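Participant:
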Amino acid sequence: MVLSSAARGFRGSTIPLEELPAPDEVGLDLPGAHRVHLVEPAVGDLPAPLQLTPGRVVGLVGSAGSGMTRLGLAMLAAHPATGPAVYLDARGWLCPAAAWEAGMDPDSLVIVRCDDPVAWGRVAATLVEGVGAICAEVPAGVKDPQLRALAALVRRRAIPMVLRPLRGDLPPGLAHLRLMARSVEWDGADAGHGRLGRRRLVVEASGKAVQGRTLLVELEDHGTDAVHLVPRLAAAPAGRAAG
Amino acid sequence: MNLLAEAAGVTVGMRRRQAEAVCPVVVTLVADPGADAARFEPVAVAVEELIPRIEVVAPGLVYAPLTGAVRYYGGEEPLVERVVKELAALTGDGYRLGIAAGPFAARQAADHAGADHPVHLVVDDAAFLAGLDVARLGREELAATFRWLGIMTLGELSQLPRQAIVSRFGADGLAAHRLAAGEDRNPQPRPLPPDLAVEERFEPPLGDLDRAGFAARAMAHRLMAEIARHGAAPHRVEVEAEAADGAVRARTWRSLDPFDEASLAERVRWQLRAWLDHARMRSGPGIRGGLVRLRLAPADVSDEGRQLALHEDAHVAAEARRAIAQAQAILGPDRVLQAKPQGGRHPGERVAWYRWGEDPGAPVRDPSAPWPGGLPAPSPALVPPEPLVLEVEWDEGIPTRIRLGARWVPITTWAGPWRNLGRWWEGAAPADCYQLVTSAGAFLCEIRQGRAYLTGVYD
Numbered sequence: 001m002v003l004s005s006a007a008r009g010f011r012g013s014t015i016p017l018e019e020l021p022a023p024d025e026v027g028l029d030l031p032g033a034h035r036v037h038l039v040e041p042a043v044g045d046l047p048a049p050l051q052l053t054p055g056r057v058v059g060l061v062g063s064a065g066s067g068m069t070r071l072g073l074a075m076l077a078a079h080p081a082t083g084p085a086v087y088l089d090a091r092g093w094l095c096p097a098a099a100w101e102a103g104m105d106p107d108s109l110v111i112v113r114c115d116d117p118v119a120w121g122r123v124a125a126t127l128v129e130g131v132g133a134i135c136a137e138v139p140a141g142v143k144d145p146q147l148r149a150l151a152a153l154v155r156r157r158a159i160p161m162v163l164r165p166l167r168g169d170l171p172p173g174l175a176h177l178r179l180m181a182r183s184v185e186w187d188g189a190d191a192g193h194g195r196l197g198r199r200r201l202v203v204e205a206s207g208k209a210v211q212g213r214t215l216l217v218e219l220e221d222h223g224t225d226a227v228h229l230v231p232r233l234a235a236a237p238a239g240r241a242a243g
Numbered sequence: 001m002n003l004l005a006e007a008a009g010v011t012v013g014m015r016r017r018q019a020e021a022v023c024p025v026v027v028t029l030v031a032d033p034g035a036d037a038a039r040f041e042p043v044a045v046a047v048e049e050l051i052p053r054i055e056v057v058a059p060g061l062v063y064a065p066l067t068g069a070v071r072y073y074g075g076e077e078p079l080v081e082r083v084v085k086e087l088a089a090l091t092g093d094g095y096r097l098g099i100a101a102g103p104f105a106a107r108q109a110a111d112h113a114g115a116d117h118p119v120h121l122v123v124d125d126a127a128f129l130a131g132l133d134v135a136r137l138g139r140e141e142l143a144a145t146f147r148w149l150g151i152m153t154l155g156e157l158s159q160l161p162r163q164a165i166v167s168r169f170g171a172d173g174l175a176a177h178r179l180a181a182g183e184d185r186n187p188q189p190r191p192l193p194p195d196l197a198v199e200e201r202f203e204p205p206l207g208d209l210d211r212a213g214f215a216a217r218a219m220a221h222r223l224m225a226e227i228a229r230h231g232a233a234p235h236r237v238e239v240e241a242e243a244a245d246g247a248v249r250a251r252t253w254r255s256l257d258p259f260d261e262a263s264l265a266e267r268v269r270w271q272l273r274a275w276l277d278h279a280r281m282r283s284g285p286g287i288r289g290g291l292v293r294l295r296l297a298p299a300d301v302s303d304e305g306r307q308l309a310l311h312e313d314a315h316v317a318a319e320a321r322r323a324i325a326q327a328q329a330i331l332g333p334d335r336v337l338q339a340k341p342q343g344g345r346h347p348g349e350r351v352a353w354y355r356w357g358e359d360p361g362a363p364v365r366d367p368s369a370p371w372p373g374g375l376p377a378p379s380p381a382l383v384p385p386e387p388l389v390l391e392v393e394w395d396e397g398i399p400t401r402i403r404l405g406a407r408w409v410p411i412t413t414w415a416g417p418w419r420n421l422g423r424w425w426e427g428a429a430p431a432d433c434y435q436l437v438t439s440a441g442a443f444l445c446e447i448r449q450g451r452a453y454l455t456g457v458y459d
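If you read the sequences in order, they're chains A and V.
The opening position of the first sequence corresponds to residue 1 in this note's numbering, with each subsequent residue numbered one higher.
The opening position of the second sequence corresponds to residue 1 in this note's numbering, with each subsequent residue numbered one higher.
(1) Please check if any C-beta of chain A sits within less than 7 angstroms of the C-beta of S263 of chain V.
(2) In this structure, what does DSSP give as the bridge partners for L388 of chain V?
(3) Exposed or buried, what is D366 of chain V when buried is set at 16 or more other beta-carbons lying within 10 Å of its beta-carbon?
(4) Quick one: what does DSSP say K143 of chain A is sitting in, helix, strand or coil?
(5) Please report whether the beta-carbon of G373 of chain V lies at a distance below 7 angstroms from any beta-carbon of chain A.
(6) From what residue to what residue does the alpha helix (DSSP H) around D125 of chain V run?
(7) Alpha carbons only, please: which of V:R293, V:S255, V:D257 is nearest the one belonging to E240 of chain V?
(8) Would you decide whether I324 of chain V is buried or exposed? Buried here means 16 or more other CB atoms lie within 10 Å of its CB.
(9) Can you find a CB in chain V that lies within less than 7 angstroms of the CB of W120 of chain A?
(10) Would a check of beta-carbon distances place E41 of chain V closer than 7 angstroms to chain A?
(11) For E76 of chain V, which residues in the same chain have their Cβ closer than 6 angstroms to its Cβ, ignoring the five residues on either side in sequence?
(12) Does any residue of chain V have a CB that is nearer than 7 angstroms to the CB of I134 of chain A?
(13) Is G374 of chain V closer than 7 angstroms to R345 of chain V when the C-beta atoms are compared?
(14) What is the rounded straight-line gap between the Cα of G67 of chain A and the Cα of R201 of chain V?
(15) Examine the Cβ distances between the region 122–131 of chain A and the region 59–78 of chain A and report whether three or more of them are shorter than 8 angstroms.
(16) How should D277 of chain V be labelled, buried or exposed, when 16 other C-beta atoms within 10 angstroms of its C-beta is the threshold for buried?
(17) What does DSSP give as the partner residue(s) for Y434 of chain V in the beta ladder?
(18) Closer than 6 angstroms by C-beta to G9 of chain V: which residues in its own chain qualify, once you throw out the five before and the five after it? Chain order, please.
(19) Report the residue from V:P42, V:A106, V:V27, V:I447 whose alpha carbon sits nearest the alpha carbon of Y63 of chain V.
(20) Could you please give the first and the last residue of the uninterrupted alpha helix (DSSP H) stretch that includes H112 of chain V?
(21) With distances taken between CB atoms, is the gap from L179 of chain A to L88 of chain A smaller than 7 angstroms?
(22) Could you spell out the range, first to last residue, of the alpha helix (DSSP H) harbouring I227 of chain V?
(23) For G102 of chain V and P118 of chain V, I'd like the C-alpha separation in whole angstroms.
(24) Are F128 of chain V and V134 of chain V close, meaning C-beta to C-beta below 7 angstroms?
(25) For Q274 of chain V, which residues of its own chain have a beta-carbon under 6 angstroms away from its beta-carbon, when the five flanking residues on both sides are left out?
(26) Can we say the region 174–193 of chain A touches the region 203–216 of chain A, given the rule of at least three CB pairs closer than 8 angstroms?
(27) Does chain A have any CB closer than 7 angstroms to the CB of R322 of chain V?
(28) Hey, could you find the ends of the alpha helix (DSSP H) T91 of chain V is sitting in?
(29) Rounded to the nearest angstrom, what separates H79 of chain A and Q51 of chain A at their Cα positions?
(30) What residue from V:V26, V:V57, V:L79 has the CA that sits closest to E49 of chain V's CA?
(31) Can you tell me where the beta strand (DSSP E) holding T245 of chain A begins and where it ends?
(32) Tell me, which residues are paired with M161 of chain A by DSSP?
(33) Taking C-beta to C-beta, are G130 of chain A and A320 of chain V nearer than 7 angstroms?
(34) Can you give me the start and stop residues for the beta strand (DSSP E) that P417 of chain V sits inside?
(35) Are L337 of chain V and P380 of chain V closer than 7 angstroms when you measure CB to CB?
Now the structure itself:
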């Protein structure tokens, strides 16, 4: 798949997953049963595991503020869909300016607002039948069988879909790739002397897309093109330039 | 534009600043073609009562075929007198009438008419058109190219060999040459099934313009899809509407370029609005009691179907439009939206929302203008429709923690404040914006009159 160059903001490794070093090679040891791979950020597009795949569902799990909306918009912007992409907004809060900053063309994004769990399934299925890519917030009250039927429709129609439950999680095995927010940090604010600049988001990746493993992936979100990404090991303290 | 503005020297197409320089007291209004169509409806009705089968090109411009009516009224002069009398009664001296052998020449003749001679009769179309500037073709780029080549008038263009024009400029050149020579567009009729019309009945009757507009859009989509399958495109479409009281209204809309789905749906909506307004406000013929049937029938099709760009896929685009239109039918028009950037200091202000399928119009605030004091990027991905009260604790002017749901979360760092004075001349209170960073994420907060409000979430 050729990535669109319009995707901006998120940076991840271009290293294929199967070539990632084992945890002991990067010298990191976190508690818990997870195997940890730190993905070295580099200048480039969304890493292959984070790209939308036709016929597959990507699940984004995390509370408001965790960065999942922007990640979903970046994935949508990077996908070379023919025709408009749709954001199914269950909260009614989506700000398209964030989508434009992520590289989405204003004319290519349609926002559909639906907070009713009963109508949501019908609307989502209708949209899946026609549009090229869809990112959908799932309101509370949508039943698991509905989501599974939707995933089956996505497979048949061979379009990519991102699902973000507003409450709880997706049914097990529904998402080909499930990304759950683990931590989010911002720098640049500098206690009143700066402004929000770079966001570092750590997500736990699981599902068939990562061969059944559970990985921690670290992503950086710049929000604008003004700050150039540097390799993590050479990262400068906030407030200083690095190149 | 009204007569006073015209008399002061304002012309159609002039920029606003130019118009204000020429006429300092000129008032600029936002264009509303739908409202214009409604205001023009009485004029169209008056002409239609004298001359059947009129064709509306745009609000304010109507073509009427004279041949049959001339025989009925015993000559061209008595007919023109009747038309002038009706137009004068409705518009005062605000009308212009052009009479020629073809629609293009008639249009130019109407433009030539003035306040002191509102009727301009053309005897020889080619001779009349010969002296007109190439800008009259209405295709700016093509006219610029003609001028660059030394072709200044329609007469000079018509004298050039048609084949040479076609080989250099293609279909556009051919159309321009025909118009310059006084031959109006000659459609290539295609053998089509006898009835390509689409019709729909409504129970209960539709009295709401929005719902009628949706129905029109869906029908325009069906009609265009069906015509496109035959590789053709309509230049005229008849819109027929039946009211609950049994009255049937019909109007033909005409376009120089082939209609596409959006332009056709737009004209159907204008026409429905005109009929609804006419019945409601002027007690004239219109749609009373609601719309029970709508029919769209193409006429005058040509093989000048829209050429898709290489990257476009007509089928995919049509499928997407259909799916989104269905979602709109389920949820209502206000829930399927698009947005355009516009100017503003707060991320919410920088978004101009509009309903999918409708014209966004010009931005209210210029997005390219500087907005000092505006919040810098990145924009919060989530912005509540109305600011929500947020509990924030402060320690000597420094925010220390905020309440998210049932728990207090410490603020690890913050940015701001950015002070927004607002419309202080109207008594609005200033507001201070902060970006508050916690372990749960970053939030945009506004302090107004001592209270904190959540205005964005950096999700």
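Backbone N, C-alpha and C fix where the C-beta goes; we use that ideal spot for every residue, glycine too.
These numbers come from a predicted model, not from an experiment.
Facilitator: Result, derived from the coordinates:
(1) Here the question's residue 263 of chain V lines up with position 263 in the second sequence. No, its Cβ sits nowhere closer than 7 angstroms to a Cβ of chain A.
(2) On the second sequence, position 388 is the one that residue 388 of chain V refers to. DSSP output for L388 of chain V lists V:L454 as bridge partner(s).
(3) Position 366 of the second sequence, counting from 1, holds the residue named residue 366 of chain V. The residue in question, D366 of chain V, is exposed, as its Cβ has fewer than 16 Cβ neighbours within 10 Å.
(4) For the purposes of this step, residue 143 of chain A is identified with residue 143 of the first sequence, where counting begins at 1. When DSSP states are grouped into helix, strand and coil, K143 of chain A belongs to the coil group.
(5) As a working mapping, residue 373 of chain V is identified with position 373 in the second sequence. No, G373 of chain V lies away from the interface with chain A (no Cβ there is under 7 angstroms from its Cβ).
(6) Here residue 125 of chain V corresponds to residue number 125 of the second sequence, with the count starting at 1. 125–130 is the extent of the alpha helix (DSSP H) around D125 of chain V.
(7) If you number the second sequence from 1, residue 240 of chain V lands on position 240. When each option's Cα is compared against that of E240 of chain V, the closest is V:R293.
(8) The residue you call residue 324 of chain V lines up with position 324 of the second sequence. Per the 10 Å Cβ criterion, buried.
(9) Taking the first sequence and counting its residues from 1, the one referred to as residue 120 of chain A is at position 120. With 7 angstroms as the cut-off, W120 of chain A does not count as an interface residue toward chain V.
(10) To locate residue 41 of chain V, count along the second sequence from 1; it is residue 41. Output row for E41 of chain V: interface = no.
(11) For this step, residue 76 of chain V is matched to residue 76 along the second sequence. If we look at E76 of chain V and ignore the five residues flanking it on each side, its Cβ neighbours are V70.
(12) Start at 1 with the first residue of the first sequence, and residue 134 of chain A comes out as number 134. No, I134 of chain A does not count as interfacial toward chain V.
(13) In the second sequence, the residue the question calls residue 345 of chain V occupies position 345. In the second sequence, the residue the question calls residue 374 of chain V occupies position 374. Closer than 7 angstroms, so yes.
(14) Reading the first sequence from its first residue, position 67 is the one you call residue 67 of chain A. Reading the second sequence from its first residue, position 201 is the one you call residue 201 of chain V. In this model, G67 of chain A and R201 of chain V are separated by some 48 angstroms (Cα to Cα).
(15) No, the region 122–131 of chain A is not in contact with the region 59–78 of chain A.
(16) Stepping through the second sequence from its first residue, residue 277 of chain V is reached at position 277. Its Cβ being crowded by 16 or more others within 10 Å, D277 of chain V is buried.
(17) On the second sequence, residue 434 of chain V is found 434 positions in, with the first residue counted as 1. Looking at the DSSP output, Y434 of chain V shares a beta bridge with V:C445.
(18) Mapped onto the second sequence, residue 9 of chain V falls at position 9. Beyond the five residues adjoining it in sequence on each side, G9 of chain V comes within less than 6 angstroms, by CB distance, of V22 in the same chain, given in chain order.
(19) Sequence index remark: in the second sequence, residue 63 of chain V carries index 63 (1-based). Measuring C-alpha to C-alpha distances from Y63 of chain V to each of V:P42, V:A106, V:V27, V:I447 identifies V:A106 as the nearest.
(20) Position 112 of the second sequence, counted from the first residue, corresponds to residue 112 of chain V. Boundaries of the alpha helix (DSSP H) harbouring H112 of chain V: 103–112, taken from the DSSP string.
(21) Residue 179 of chain A sits at position 179 when you count from the first residue of the first sequence. Residue 88 of chain A sits at position 88 when you count from the first residue of the first sequence. Against a cut-off of 7 angstroms, the Cβ pair of L88 of chain A and L179 of chain A comes out as no contact.
(22) Residue mapping note: residue 227 of chain V aligns to position 227 of the second sequence, counting from 1. Run containing I227 of chain V: 209–229, per the alpha helix (DSSP H) assignment.
(23) As a first step, residue 102 of chain V is located in the second sequence; it is residue number 102 there, counting from the start. As a first step, residue 118 of chain V is located in the second sequence; it is residue number 118 there, counting from the start. One C-alpha to the other measures close to 19 angstroms.
(24) To locate residue 128 of chain V, count along the second sequence from 1; it is residue 128. To locate residue 134 of chain V, count along the second sequence from 1; it is residue 134. The answer is no: Cβ separation not under 7 angstroms.
(25) Residue 274 of chain V sits at position 274 when you count from the first residue of the second sequence. Looking at the sequence provided, one finds Ala at residue 274 of chain V rather than Gln. Result list for A274 of chain V: A37, A38, E41, in chain order.
(26) Judged by Cβ distances under 8 angstroms, the region 174–193 of chain A makes contact with the region 203–216 of chain A, as three or more pairs qualify.
(27) Taking the second sequence and counting its residues from 1, one reaches residue 322 of chain V at position 322. Look at R322 of chain V: its C-beta is under 7 angstroms from a C-beta on chain A.
(28) Within the second sequence, the letter at position 91 stands for residue 91 of chain V. For T91 of chain V, the uninterrupted alpha helix (DSSP H) segment begins and ends at 76–91.
(29) On the first sequence, residue 79 of chain A is found 79 positions in, with the first residue counted as 1. On the first sequence, residue 51 of chain A is found 51 positions in, with the first residue counted as 1. Rounded to the nearest whole angstrom, the CA to CA distance from H79 of chain A to Q51 of chain A is 7 angstroms.
(30) Here residue 49 of chain V refers to the residue found at position 49 of the second sequence. When only C-alpha atoms are compared, the closest one is V:L79.
(31) For chain A, the structure presents residues 1 to 243; residue 245 of chain A sits outside this window and is missing.
(32) For this step, residue 161 of chain A is matched to residue 161 along the first sequence. Under DSSP, M161 of chain A shares a beta bridge with A:V57, A:I134.
(33) In the first sequence, the residue the question calls residue 130 of chain A occupies position 130. In the second sequence, the residue the question calls residue 320 of chain V occupies position 320. Yes, the Cβ-Cβ distance between G130 of chain A and A320 of chain V is below 7 angstroms.
(34) For the purposes of this step, residue 417 of chain V is taken as residue 417 along the second sequence, with counting starting at 1. For P417 of chain V, the enclosing beta strand (DSSP E) begins and ends at 407–420.
(35) As a position in the second sequence, residue 337 of chain V is number 337, starting the count at 1. As a position in the second sequence, residue 380 of chain V is number 380, starting the count at 1. Going by C-beta atoms, L337 of chain V is not nearer than 7 angstroms to P380 of chain V.
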